[in-house]
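**Student:** Chains as they are written, first to last, in my numbering: chain S, 1 to 114; chain Y, 1001 to 1114. Glycine residues also receive a C-beta, built at the ideal position from the N, C-alpha and C atoms. All values derive from a computational prediction rather than experimental measurement.
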Amino acid sequence: DGGITQSPKYLFRKEGQNVTLSCEQNLNHDAMYWYRQDPGQGLRLIYYSQIVNDFQKGDIAEGYSVSREKKESFPLTVTSAQKNPTAFYLCASSIVAGGTYEQYFGPGTRLTVT
Amino acid sequence: AQSVTQLGSHVSVSEGALVLLRCNYSSSVPPYLFWYVQYPNQGLQLLLKYTSAATLVKGINGFEAEFKKSETSFHLTKPSAHMRDAAEYFCAVSDGERDDKIIFGKGTRLHILP
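1) Can you check which of these residues, Y:1086, Y:1077 and Y:1102, is closest to residue 1093 of chain Y by C-alpha distance?
2) Exposed or buried, which one is residue 1019 of chain Y when buried takes at least 16 other CB atoms within 10 Å?
3) Under 7 Å between beta-carbons, which chain S residues line up against residue 1049 of chain Y? List them in chain order, please.
4) Which whole-angstrom value describes the C-beta separation of residue 1130 of chain Y and residue 1095 of chain Y, a residue pair presumed to lie in contact below a C-beta threshold of 8 Å?
5) Within the 8 Å Cβ cut-off, does residue 1063 of chain Y reach chain S?
6) If I follow the unbroken beta strand (DSSP E) through residue 1087 of chain Y, where does it start and stop?
7) Examine chain S for any beta-carbon lying closer than 8 Å to the beta-carbon of residue 1058 of chain Y, and answer yes or no.
8) Throw me the rounded Cβ distance for the residue 47 of chain S and residue 64 of chain S pair, which I believe falls under 8 Å.
9) Provide the residue span of the beta strand (DSSP E) that contains residue 1011 of chain Y, from first to last.
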């Protein structure tokens, strides 16, 4: 089955530690996205990538970093510079970048930092 | 820049009653519009999508939405609610080819009363 996988489902870290969230897709999609979801806030775009080895900042990129070395993989690192990292993180992909194309979402990773 | 407003962060309906979730958008060009559903601790799933073909769009699980340009609205409806419809629903908008991002609303949580 084609789809998007995110691991782990739940992640716990101590404050001051960097942590990397995994996102893999086998849909052969060119574009991939990372969103942060907080209660009552909807989805906010962190980073997106239209093609391998290229990515752009979204609305709330500060304290996060990404890489896109392979078409199927788009890992997100939450750095210690992110002031409030506890949230639900969603990865998505679409055939190509562009608002005409729907995005397909992974199951999400819930990160808790204490 | 486009934006989307969902009226009501929580909506409660009785099982078997009509479901109506409201969404208004702002866009300077003909928009592309989406409704997604999210079940607890899961990713988002596309319900339906408007791309200027037909103003009444039918989606999965018995949902449909009507695009009304004069009212800048794209409300989601279902004639008869089921308990399994309890979830959070997100309206989203894009400018299509002018922008490579989709803007999500803050979501409406639908509660189904027995």
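**Tutor:** The structure says:
1) Looking at the Cα atoms, Y:1102 is the closest of the given residues.
2) With 16 or more other Cβ atoms within 10 Å, it is buried.
3) 102
4) Because chain Y here runs from 1001 to 1114, residue 1130 of chain Y falls outside it and cannot be looked at.
5) no
6) Residue 1087 of chain Y: member of the beta strand (DSSP E) spanning 1087-1094, first to last residue.
7) no
8) That belief holds up - the Cβ atoms of residue 47 of chain S and residue 64 of chain S are roughly 6 Å apart, short of 8 Å.
9) 1010-1014
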